[in-house]
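Here's the structure, in structure tokens; my notes come after.
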Amino acid sequence: MAVVSYKCPNCDGPLVFRPEKNNFHCDFCGSDFFRQEAEDANKNAKDAEKTEHVEVFSDVVESEFKDISHDEAEDEQFEKEAATYSCPSCGAEIITAESTAATTCYYCHNPVILSGKLSREFRPDRLIPFTFPKEEAERRFREFCGKKKFLPKEFLAPGTFSEITGVYYPYFIVDAKVNGSASGKSKSVRTWVSGKYQYTETTVYQHDRSGFLDIDGIAVSAYKDGDRNLLKYVCPFDESQSVDFSMAYLSGFQAEKRQFKKDELKNDIMNQVRNISEAEFRSTMAGHGSISSMDLTINEYKDQWEYFLFPLWVLTCKYKGKLYRYALNGQTGKVYGELPIHVPKLLLTTFGMAAATFIVLFIMGGFLI
Ligand SMILES: [Zn+2]
Ligand SMILES: [Zn+2]
Numbered sequence: 001m002a003v004v005s006y007k008c009p010n011c012d013g014p015l016v017f018r019p020e021k022n023n024f025h026c027d028f029c030g031s032d033f034f035r036q037e038a039e040d041a042n043k044n045a046k047d048a049e050k051t052e053h054v055e056v057f058s059d060v061v062e063s064e065f066k067d068i069s070h071d072e073a074e075d076e077q078f079e080k081e082a083a084t085y086s087c088p089s090c091g092a093e094i095i096t097a098e099s100t101a102a103t104t105c106y107y108c109h110n111p112v113i114l115s116g117k118l119s120r121e122f123r124p125d126r127l128i129p130f131t132f133p134k135e136e137a138e139r140r141f142r143e144f145c146g147k148k149k150f151l152p153k154e155f156l157a158p159g160t161f162s163e164i165t166g167v168y169y170p171y172f173i174v175d176a177k178v179n180g181s182a183s184g185k186s187k188s189v190r191t192w193v194s195g196k197y198q199y200t201e202t203t204v205y206q207h208d209r210s211g212f213l214d215i216d217g218i219a220v221s222a223y224k225d226g227d228r229n230l231l232k233y234v235c236p237f238d239e240s241q242s243v244d245f246s247m248a249y250l251s252g253f254q255a256e257k258r259q260f261k262k263d264e265l266k267n268d269i270m271n272q273v274r275n276i277s278e279a280e281f282r283s284t285m286a287g288h289g290s291i292s293s294m295d296l297t298i299n300e301y302k303d304q305w306e307y308f309l310f311p312l313w314v315l316t317c318k319y320k321g322k323l324y325r326y327a328l329n330g331q332t333g334k335v336y337g338e339l340p341i342h343v344p345k346l347l348l349t350t351f352g353m354a355a356a357t358f359i360v361l362f363i364m365g366g367f368l369i
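In my numbering, the protein residues as written are 1 to 369.
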């Protein structure tokens, strides 16, 4: 399996994608390159060397494992979960999770792309590049924490947080065409008094609708191992800003390949389609009270799937034995994640409010007497 590292054509230093400038930068000599130049440089280097394509060391791994007589199931598990590659810059072994497609060499800190993991059916159709750099991600996260009133002070102390990492996560984006019909009931109630009788009139309305719906851009995470809520609620992304997939964008970031097949996510998408369709039909049934129950039938359905990589800044924090995970949308800056609450502070305020209410009541009571 191929290992790619984008190198500076001037000095051979590592090239890293810079979101804020939308170009590729070499920290060694300070040169900047456009995407095409970075890709060309990588292609030329490959042509010149021909040999730097490193094969997975599966044979080596196997024999080594036999030597130290590991349990066979354990071997299989290891091969499934970790693949061994060598870094094109320093030759050190790079061990990653099975799904990781781009990472940084632990020894020389050069960006490394395990391009074979994103080939054939795992090659994404499109990608949304990061739009702001790491420093901006850190600033936005601090701002997010700063807005929370009951956040414990120690939570923001140095060392509580992991380093913030830019990761491209796999998603499917689905455009659906729906031909459906819906029927719902609502009622309005009128009461009046005439003489010694009270009258109640209940009118039941039947609403029938049918029509075509075009639903674009339904997103579903195609990554199994992560926190699915985090990957869901950090959406939406604006796909109109996406570009055709190019390996070069991954340089300097981490990337994960998809772990789900389309079929495994069909139900998830169908539920979203039903919810959106129901809300659309419901919005046309206004007037005559609210709709109590609704039947939705989907008569015809077509969909189109595209495989995307979306940019997320992620970080974790261990606080009082609990692990907190956060994600920032690398395109819009939206932050998602649960923050710990400082309980004594919150109780004090609640108590303060109760006391204030009591005093007001007491004064009012005083007036009434
Ligand atoms: Zn350079
Ligand atoms: Zn290295």
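We put the beta carbon where it would ideally sit given N, CA and C, even for glycine.
query, result
"Straight-line CA distance for isoleucine 341 to isoleucine 95?", "37 angstroms"
"May I ask which residues mark the beginning and end of the beta strand (DSSP E) holding glutamine 304?", "291-319"
"Using three-state DSSP, classify aspartate 27 as helix, strand or coil.", "coil"
"What is the residue span of the alpha helix (DSSP H) that glycine 146 lies within?", "134-146"
"Would you identify the three-state DSSP class for serine 251, choosing helix, strand or coil?", "coil"
"Pull up the distance between the alpha-carbon of valine 167 and that of proline 9, whole angstroms please.", "26 angstroms"
"DSSP three-state label for glycine 217, please.", "strand"
"Please list, in chain order, all residues of the same chain as aspartate 238 whose beta carbon is under 8 angstroms from its beta carbon, the five residues on each side excluded.", "Ile128, Gln331 and Thr332"
"With a CB to CB cut of under 7 angstroms and the five nearest residues on each side skipped, what residues in its chain are close to glutamine 198?", "Thr191"
"Pull up the DSSP beta-bridge partners for valine 234, would you.", "DSSP lists no partner for valine 234."
"Assuming the contact rule is C-beta atoms closer than 8 angstroms, isoleucine 113 and serine 251 should be a hit. Round their C-beta distance to whole Å, please.", "7 angstroms"
"Looking at the secondary structure, which residues open and close the alpha helix (DSSP H) in which lysine 149 lies?", "Segment: none, lysine 149 is in no alpha helix (DSSP H) and carries neither H nor E."
"If you run the structure through DSSP and keep just helix, strand and coil, what is isoleucine 113?", "strand"
"Pull up the DSSP beta-bridge partners for threonine 104, would you.", "Pro111"
"Taking just the CA atoms, how far does glycine 184 sit from serine 246?", "48 angstroms"
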